[in-house]
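Below is one structure, written out as structure tokens, with a few remarks after it.
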């Protein structure tokens, strides 16, 4: 059923359908490379192109051997375990610090809150190669300058450690948490916290019993984005990590650069499925957040 009113002019009708064709072409341009990867991951040969058997839909041209290699190869499994170790911890740090920062910056009495917000979300804007280089030199220096106290020498450096990679990924994920939680706090009724205080609730109780249930969709959405950021990141971990912290994207990068392993196609397909699932969860949380704020989800 057309969304155009019956009195629409010829020009309005032409723009209405042209706009949808343009959007469809842009969508196809963005999604086509992803759709090509999925059938290629089932290629029975060690090629990155469609074989004649695949084009003719011959069952002999399809195989799950690349998926079997991913689940049995020790290098891929080590990278998967490292990603599953690093991403959840980095996400937990991002959610904790980002939520507290968003709540603090939502208060109108905080001085320079716009400047602080710009600094906190800068990792999202600054090119990753610059952030990675800065983190490498900062983590490599065992001396930490403290104002008025001079330099404190650490017994270790953070480069080549799980802690260094986790902290780096947490810094990259915090901006996503701040943005999503701040967007949720826009519709938050501050009179609820004042009412809780009048009833004798302390700030901690007010946060967990009043604020958190209402902003939880934004917190979880930010956490999912932080998890995806950490799970898919490769530039920073190349600078900060070592072979012991080789993550799944690092292993994929190595496979493309050194041996052109077709297993990358299977891993990419699995990551695509995980990303689609997480984005679906984010959309459900967005709709729930709008319902809690009395808005009609669109």
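Numbering (full-length UniProt numbering), first residue to last: 1 to 298.
Don't be surprised by glycine CBs; every beta carbon is placed ideally from N, CA and C.
| query | result |
| --- | --- |
| Suppose you measure from the CA of residue 221 to the CA of residue 288; what does that come to, to the nearest Å? | 11 Å |
| Restricting to Cα atoms, I'd like to know which of 188, 136, 208 and 47 is closest to residue 165. | 136 |
| Taking the alpha-carbon of residue 66 as reference, which of 41, 278 and 90 has the nearest alpha-carbon? | 41 |
| So, with DSSP's three-state summary, where would you put residue 343? | The chain is shown only over 1 to 298; residue 343 falls outside these bounds and no answer can be derived. |
| Taking the alpha carbon of residue 104 as the point to measure from, which residue in 70, 36 and 181 has its own alpha carbon closest? | 181 |
| Taking the C-alpha atoms as reference points, what is the distance between residue 223 and residue 176? | 8 Å |
| Roughly how many whole angstroms lie between the Cα atoms of residue 86 and residue 230? | 8 Å |
| Among the candidates 8, 169 and 112, whose CA atom is the shortest distance from the CA of residue 94? | 169 |
| Starting from residue 249, trace the alpha helix (DSSP H) in both directions and tell me its first and last residue. | 248-254 |
| If we ignore side chains and look at the alpha-carbon of each, how far apart do residue 36 and residue 79 end up? | 25 Å |
| What span of residues does the alpha helix (DSSP H) with residue 208 cover, start to end? | Counting along the chain, residue 208 falls outside any alpha helix (DSSP H), and DSSP gives it neither H nor E. |
| Per DSSP, what are the beta-bridge partners of residue 43 in this structure? | 62 |
| Assuming residue 235 and residue 128 form a contact by the criterion Cβ under 8 Å, report the distance between their Cβ atoms to the nearest whole angstrom. | 4 Å |
| Please classify residue 108: does DSSP put it in a helix, a strand, or coil? | coil |
| By the three-class DSSP mapping on this structure, what secondary structure does residue 213 have? | helix |
| Enumerate in chain order the residues of its own chain whose CB-to-CB distance from residue 45 is below 6 Å, with the five nearest sequence positions on each side excluded. | 51 |
| Alpha carbon to alpha carbon, what distance is there between residue 262 and residue 111? | 54 Å |
| Quick one: Cα of residue 11 to Cα of residue 70, how far? | 54 Å |
| Of all the options 43, 115 and 215, which has the alpha carbon lying nearest to the alpha carbon of residue 54? | 43 |
| So, using beta-carbon positions, are residue 179 and residue 124 closer together than 9 Å? | yes |
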